[in-house]
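Peer 1:
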Amino acid sequence: MRGIEAPQAPNGPIDYSALLCRRPSSDIEPPKQPGRLDFLHRILKENEQKRDEEEDGPSELVASTHTLESVSARDRGDASLIPPENFAMVNSWLYRSSFPKKKHFPFLKTLGLRSVLTLILEDYPEQNIQFLDENGITFFQYGIPGNKEPFVQIPEQTVTAALATILDQRNHPILIHCNKGKHRTGCVIGCLRKLQQWSLTTIFDEYRRFSYPKARSMDQEFIELYQESAVWPEINPKYLPDWAVLVKGELSRPGALQEEKDEDSDMRGM
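At position 204 of the sequence shown the residue is numbered 391 (the working numbering), and the sequence of numbers has no breaks.
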C-alpha cells in the first residue's frame, strides 16, 4: 500500500487506535443524502426479503416479485449498481456489508460515503484504496481475527475502538465490513445494539439473520459479555449520532449520572 500517513487534520476525528487510518488529502464536504434513494430503499428491501427466504424458504409470490423487480432494474439502467453481499442499513448513515469488490464500486459511490471501516487483518487491495482516494473516503482498519476456532478470542479493545469511530458522526456516512459481512461485522453491530439498549434476544436474532446458516456461539458469547461502558470514555458526546436510545446510554456511562446529580444539587442551592 502506498502513502500511508497518520491523520493530521486538527478539526477532524482523530483516532490513533486504528491499526491503519488513511485520510484523503482534500477537505471533505458535509454528508449528503444518497444519490439514489429510491434504488437504495429497494435494495434494502430486497436484501431483507432474501434473508427471510434463507431462513423460511422462498414463496412463489416473493420469488415472482424478485424476478419482476430485477427486470425493472435493468429497464431503468440500474443493473450496474450492484451492492455487496449482506448489504444493509444499520442506522442512519451507517451501513454494513461483505468485502466490497470492484463491481460494487458504482453502487457504493451512490451512498456518498465519508468513511469505510474494515475489520480484516490483511492488507487492503490497491484497487479499493484507489477507489477511496478518488472519492475522498477516509479508511479505517481495525483488524480482528476470524473467530472460527474455539480458542480464538475477539480483542475487546479493537471492538471498542471500532465502535468509537462508528459513534462519531463526523465519520458518517460510514460502511463497516469484514470478508462475508457476517461474524466479525455481526459482533461489532451486536455490541453497538447493546449501546442502544436492545435486548439480547433481539440482538442475537439480528446476528443470526446475517450469519445464517453459520452462527457462532463464541460470537454471541462475546456480545453478551462485552462491557459497553468501555466505549463512552473514548467518544465525544458532542458528536454522537442522533440514534435511538444512544443518549440514554451516554447518560448512564460511569460518572455521568453523578455529574448530573451534582449539577442538580448546585442548581437547587442557588
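Cβ atoms here follow ideal geometry from the backbone N, Cα and C, with glycine treated the same way.
Pick helix, strand or coil for Ile459, following the three-state DSSP scheme.
Peer 2: The displayed coordinates of the chain run from 188 to 457. Any statement about residue 459 would go beyond what the structure contains.
Peer 1: Tell me the residue span of the alpha helix (DSSP H) that contains Asn315.
Peer 2: Unbroken alpha helix (DSSP H) run through Asn315: Glu313 to Glu321.
Peer 1: Which of the three DSSP states is assigned to Asn358 in this structure?
Peer 2: Three-state result, Asn358: helix.
Peer 1: Which one of Gln317, Phe391 and Pro332 has the shortest CA to CA distance from Cys365?
Peer 2: Among Gln317, Phe391 and Pro332, the Cα nearest to that of Cys365 belongs to Pro332.
Peer 1: DSSP on Arg301, reduced to helix/strand/coil?
Peer 2: Coil at Arg301, not helix or strand.
Peer 1: Below 8 Å, can you find three or more Cβ-Cβ pairs linking the stretch 324-331 to the stretch 377-385?
Peer 2: Too few Cβ pairs lie closer than 8 Å, so no.
Peer 1: Count the other CB atoms within 10 Å of the CB of Leu412; is the residue buried (16 or more) or exposed (fewer)?
Peer 2: Exposed, because fewer than 16 other Cβ atoms sit within 10 Å of the Cβ of Leu412.
Peer 1: Reducing DSSP to helix, strand and coil, say where Phe294 ends up.
Peer 2: Helix at Phe294.
Peer 1: Helix, strand or coil, according to DSSP, for Val346 in the structure here?
Peer 2: DSSP places Val346 in helix when its eight states are reduced to three.
Peer 1: What's the C-alpha gap between Ile269 and Ser416?
Peer 2: Distance between the alpha carbons of Ile269 and Ser416: 38 Å.
Peer 1: Thinking Pro271 and Gly368 are a contact (beta carbons under 8 Å), I'd like their distance in whole angstroms, please.
Peer 2: Indeed, because the Cβ distance is near 7 Å, the residues count as touching under 8 Å.
Peer 1: Using a Cβ distance threshold of 8 Å, determine whether the stretch 385-400 contacts the stretch 418-429, with at least three qualifying pairs required.
Peer 2: No, because fewer than three Cβ pairs between the stretch 385-400 and the stretch 418-429 fall closer than 8 Å, the two stretches do not touch.
Peer 1: Among Glu393, Asn315, Ser279 and Ile353, which has the Cα closest to the Cα of Glu296?
Peer 2: A small fix is needed here, since residue 296 is Lys in this sequence, not Glu. The candidate whose alpha carbon is nearest that of Lys296 is Asn315.
Peer 1: How many Å lie between Trp419 and Arg283 at the Cα?
Peer 2: Each residue's Cα considered, the two are about 22 Å apart.
Peer 1: Apart from the five residues on each side of it in sequence, which residues of its chain come closer than 6 Å, Cβ to Cβ, to Ser452?
Peer 2: Note that Ser452 has pLDDT 44, beneath the 50 cutoff, so the model's placement of it is unreliable and no number is given.
Peer 1: Considering only their Cβ atoms, is the gap separating Thr347 from Leu306 smaller than 8 Å?
Peer 2: No.
Peer 1: Apart from the five residues on each side of it in sequence, which residues of its chain come closer than 6 Å, Cβ to Cβ, to Leu255?
Peer 2: With a pLDDT of 34 at Leu255, under the threshold of 50, the predicted position of this residue should be treated as unreliable, though the coordinate-derived value follows. Correct list: empty, nothing qualifies.
Peer 1: As a quick exercise: from Pro312, Leu298, Ala275 and Thr352, pick the residue whose alpha carbon is nearest that of Asn423.
Peer 2: Residue Thr352 is the option with its Cα nearest to Asn423.
Peer 1: In angstroms with no decimal places, state the Cα-to-Cα distance between Asn343 and Gln407.
Peer 2: Here residue 343 is Glu; the residue named in the question, Asn, does not match the sequence. Rounded to whole angstroms, Glu343 to Gln407 spans 14 Å at the Cα level.
Peer 1: What's the call for Asp150, buried or exposed, on a 16-neighbour Cβ count within 10 Å?
Peer 2: Residue 150 falls outside the range modelled here, since the chain spans only 188 to 457, and no answer is possible.
Peer 1: Thinking Leu362 and Val303 are a contact (beta carbons under 8 Å), I'd like their distance in whole angstroms, please.
Peer 2: Indeed, because the Cβ distance is near 5 Å, the residues count as touching under 8 Å.
Peer 1: Would you report the Cα separation of Thr345 and Phe409, rounded to the nearest angstrom?
Peer 2: Distance between the alpha carbons of Thr345 and Phe409: 13 Å.
Peer 1: For Gln328, does the count of other Cβ atoms within 10 angstroms reach 16, so buried, or fall short, so exposed?
Peer 2: Per the 10 Å Cβ criterion, buried.
Peer 1: Where does Ser404 sit, in a helix, a strand or coil, going by DSSP?
Peer 2: Ser404 falls in the helix class under three-state DSSP.
Peer 1: Check for me: the alpha helix (DSSP H) holding Leu387 runs from which residue to which?
Peer 2: Start and end: Leu387 to Ser398.
Peer 1: CB His486 to CB Trp280, shorter than 8 Å?
Peer 2: Within the shown structure, residues of the chain are numbered from 188 to 457, placing residue 486 beyond reach of any answer.
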